[in-house]
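So the structure is just underneath, and the comments pick up after that.
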Amino acid sequence: MNIKRAKKEIRDTVQAYLMKGEDGEYLIPPIRQRPILLLGAPGIGKTQIMEQIARECGICLAAYTITHHTRQSAIGLPFISKRTFGGKEYTVTEYTMSEIVASLYEKMEQTGLKEGILFLDEINCVSETLAPAMLQFLQCKTFGNHKIPEGWLIVAAGNPPEYNKSVREFDVVTLDRVKKILVEPDFAVWKEYAKEQRLHPAVVSYLTARPGCFYHMETTVDGKNFVTPRGWEDLSQLLQVYERLGKKADREVTVQYLQQDRIARDFANYLALYEKYQMDRQLEEALEYGKISEDMVKKASHASFDEKAAVVSLVQSRCSASFAEAVRQEKVLEKVYGILKEGHRELTEKGTIPEAWISGKLDEAGKEYYKKKKAELLDRQGERLFRETLRILEQYAGALKKEAPDSGEKAYQMLKKWFSEEQDRQDLQWEKCGQTLEYAFDFMEAVFGSGQEMVLFLTELNSDPCSVFFLQQYECQRYDRYNKELLLDERRRTLEAKLKTYRSGDIYGRSRE
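If you want it as structure tokens, here you go:
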């Protein structure tokens, strides 16, 4: 299965394992809560989905690469103690608590959360001395003599033998005690993630045109050559920072992340084309002011396939970046509105002191932010949303202190006025986004008409979450028209091609003769 389906399966399992009955006991007793064994190629996002699942379920995550541990750190250090059996004293060997188990209790103390996921990576690559302890762990959920805390689930990940020479096969007894999930690379699923995370448009557009370069693994006389989703994401972040620094990334840079020479060189060439149009002032004027020059139309319409793909990507990414900022601000205002809404009764009916009320709300929001951040329940976008909300509340608190209204009603009207001004700015930003979209359609029509480039443009808009959110609120006649005409035609051609294949053979394309 792909990584998106694997994430759903694991999240559903976590929710099932942690569900309690009326008596407060887990509906599935811990002894029947099978550890999840996640097997898949390296670099496809196994660790990342665990972070996402923990945030979405509101539980802890403790992640370890088990190959970094020795037998002593995993099961504890031995020490001598005295025990009495049958009235006779004996010297016995006991073990200190495992570093891993101890860290779970520390995590619970730090975050205040009692439930979580223990994620162990490279589980099938442990050393020979640690292998028996790992088998015992998967079968009994214990490290040495110490069980993991109740409410903690086990997810282990590993690579299939073809990717790692150190892999040890699990026996049937162990496999019969785990939930085994096999994960394979899937570009369509990764592209959804890339859009959500705002990865570099050049990376996304390049892989859209060449999905075969998304994941590559080959063995040569010089060793393994490979390209992984992790490599593409890390390279994307470097490119975004390089743009701010005014630096260029050539083949010598891309090959550091894409460790297959042909793909690294090909992407470097594509990136050069992308940056050429990115720096083109004529394209900037077309999208910013709607000024479309004849020279730009001629250059882009007669360009190569890669250049056209780069231009479409630039146009779409410009729209998406504008939409993303508007959507983010919309979410901030929704959060602020929810807080101010509570103030109506407090300030106008209960007579709460305005400064005390706004300071209390600011303090509550700040505590919630730091609590969630400490528990690692916020991603970067969530953190930014909280910080923007706190910034606005701080402005309101400072303004109320300066104005010093003599009644709660006056204070509430001031807050209402300031929030209305924020909404006016948001409306202007929304209008600017709509204008950017209209200019984008002007440019696409002038350069490409209603060709395949327009289909690509619409497809990319429809696959971007922020674009979809914006287009649900904003009425764009050309988007609606092209979306119906071109994408329906594209689907019809795809179905006709499949039907043709079916008529010439079976569903696998094999001849019926």
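Here UniProt numbering is used: the sequence shown runs in plain steps of one and ends on residue 513.
Yeah, the Cβ is synthetic: ideal placement off N, Cα and C, and Gly gets one too.
Look at residue 317 here: in three-state DSSP terms it is helix. Here residue 245 is exposed: its Cβ has fewer than 16 other Cβ atoms, across all protein chains shown, within 10 Å. Listed in chain order, the non-local C-beta contacts of residue 264 below 7 angstroms within the same chain comprise 251, 254, 255, 258, local neighbours out to five positions each way being set aside. The straight-line gap separating the alpha-carbon atoms of residue 131 and residue 115 is approximately 27 angstroms. When the beta-carbon positions are compared, residue 200 and residue 240 come within less than 8 angstroms of each other. Judged by DSSP in its simplified three-state form, residue 220 adopts strand. About 7 angstroms separates the CB atoms of residue 217 and residue 41; that is less than 8 angstroms, so the two are in contact.
With fewer than 16 other beta carbons inside 10 angstroms of its own, residue 182 counts as exposed.
Between the alpha carbons of residue 126 and residue 271 lies a gap of roughly 40 angstroms. Its chain contains 266 as the residues whose beta carbon lies nearer than 8 angstroms to that of residue 210, once the 5 sequence neighbours on both sides are disregarded; these appear in chain order. Residue burial is scored here from C-beta neighbours: residue 85 has fewer than 16 other C-beta atoms within 10 angstroms and is therefore classed as exposed. Counted as a single uninterrupted DSSP element, the alpha helix (DSSP H) harbouring residue 466 occupies residues 465-473.
For the pair of segments examined, the segment 432-452 was found not to touch the segment 348-368: the number of CB pairs separated by less than 8 angstroms stays below three. Ranking 88, 321, 92 by CA distance to the CA of residue 82 puts 92 first. In this structure, the straight-line span from the alpha carbon of residue 226 to that of residue 102 is close to 37 angstroms. Collapsing the DSSP output to three states places residue 39 in a strand. Rounded to the nearest angstrom, the gap between the Cα atoms of residue 465 and residue 321 is 11 angstroms.
Closest by C-alpha distance to residue 275, out of 62, 312, 289, 340, is 312. Our two residues, residue 75 and residue 112, have alpha carbons roughly 25 angstroms apart in a direct line. Residue burial is scored here from C-beta neighbours: residue 462 has fewer than 16 other C-beta atoms within 10 angstroms and is therefore classed as exposed. Straight through space, the alpha carbons of residue 197 and residue 331 are spaced by roughly 16 angstroms. Beyond the five residues adjoining it in sequence on each side, residue 11 comes within less than 6 angstroms, by CB distance, of 53 in the same chain, given in chain order. The way I'd put it, the segment 475-485 doesn't touch the segment 329-345; fewer than three beta-carbon pairs between them come closer than 8 angstroms. Beta-bridge pairing by DSSP links residue 81 to 92. Ranked by Cα distance from residue 155, the options 88, 9, 230 are led by 9.
The Cβ atoms of residue 73 and residue 146 lie no closer than 8 angstroms to each other. With fewer than 16 other CB atoms across the displayed protein chains lying within 10 angstroms of its CB, residue 173 is exposed.
Counting C-beta pairs with one atom in each stretch, the segment 445-456 and the segment 291-302 have three or more that are closer than 8 angstroms, which means they touch. In this structure, the CA atom of residue 315 is about 21 angstroms from the CA atom of residue 235. In this structure, DSSP gives residue 257 a state outside helix and strand, which the three-state scheme calls coil. With fewer than 16 other beta carbons inside 10 angstroms of its own, residue 175 counts as exposed.
Contact check for residue 376 against residue 118 fails: the beta carbons are separated by 8 angstroms or more. Between the alpha carbons of residue 207 and residue 282 lies a gap of roughly 26 angstroms. Classified as buried, residue 69 has 16 or more neighbouring CB atoms from the shown chains inside 10 Å of its CB. A distance of 8 angstroms or more separates the beta carbons of residue 55 and residue 406. The C-beta of residue 123 has 16 or more other C-beta atoms within 10 Å across all chains shown, which makes the residue buried.
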